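Quick notes on the structure that follows.
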Amino acid sequence: MLVRRCLFILSVFLLSACSSLPEQLTAQSEEVITDYPIFAAHEGTADVRLGGMIATVTNLADKSRVEIVNLPINKTGKPDISTDANGRFVAYIDGFIDPVTYAEGRLVTVVGKSQPTEQGKVGEFDYTFPVMNAYGMHLWRVEESVIVHDFDSYLYPCYSINCRSSRMGSSRAKVIQEVK
17 MLVRRCLFIL SVFLLSACSS LPEQLTAQSE EVITDYPIFA AHEGTADVRL
67 GGMIATVTNL ADKSRVEIVN LPINKTGKPD ISTDANGRFV AYIDGFIDPV
117 TYAEGRLVTV VGKSQPTEQG KVGEFDYTFP VMNAYGMHLW RVEESVIVHD
167 FDSYLYPCYS INCRSSRMGS SRAKVIQEVK
């Protein structure tokens with residue numbers, strides 16, 4: 017009996033440690049479009065959850081226009097920074113958002129209702145933007161960590177009290193970027 021209780025408590029803690037979708041990215045319906053090509057081709061109103069990198073922020077009189085370079089998102093809503101962008105879309109957000117906080121290059125995921133497309137430009141190129149009226153958004157940060165692998169020889173002779181490792185071997189480092 018005690019073993020069952022311990023296993024139950026352990027499983028509750030393990031399941032609570034699993035990452036999930038942030039609360040502000042919860043859609044208002046069960047059917048949510050999370051694929052950019054489907055959103056770009058969709059006509060009508062539907063719930064959409066997409067993410068990517070902020071390209072521009074324009075504050076209008078009563079809302080803000082955020083142009084986002086789309087990146088695929090995973091089930092927790094995080095943009096996948098290891099893939100190439102596959103289009104752009106516009107999210108309108110009620111009220112003012114600070115362009116410094118929502119700076120160019122920041123990762124964001126938005127959820128909202130799809131709207132008719134709008135014409136615009138990317139540089140001098142004419143572009144048709146899929147549009148959504150966002151009712152939820154989440155800013156992400158990218159954390160970097162460096163893993164160093166030393167390939168030193170640990171057979172360096174020790175001739176005194178202060179032994180030191182040899183720097184005759186090689187080292188290799190890898191930078192890992194993780195969206196959090």
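If you use the working numbering, the sequence shown corresponds to residues 17 to 196, in order. We put the beta carbon where it would ideally sit given N, CA and C, even for glycine. In this text, all values refer to a predicted model and were calculated from it rather than measured experimentally.
Between Gly111 and Leu41, the alpha-carbon positions lie close to 18 angstroms from each other.
In chain order, Leu41, Ala43, Arg65 and Gly152 place their CB closer than 6 angstroms to the CB of Val127, counting only its own chain and leaving out the 5 sequence neighbours on each side.
Residue pairing for Val85: DSSP places it in a beta bridge opposite Met69 and Arg104. Secondary structure note for Phe145: its beta strand (DSSP E) is the uninterrupted segment Phe141 to Trp156. DSSP places Pro38 outside any alpha helix (DSSP H), giving it a letter other than H or E.
Each residue's CA atom was taken as its position, placing Pro132 and Arg104 some 14 angstroms apart.
Secondary structure of Ala57 (DSSP, three-state): helix. Residue pairing by DSSP puts Val126 in a beta bridge opposite Leu66 and Met153.
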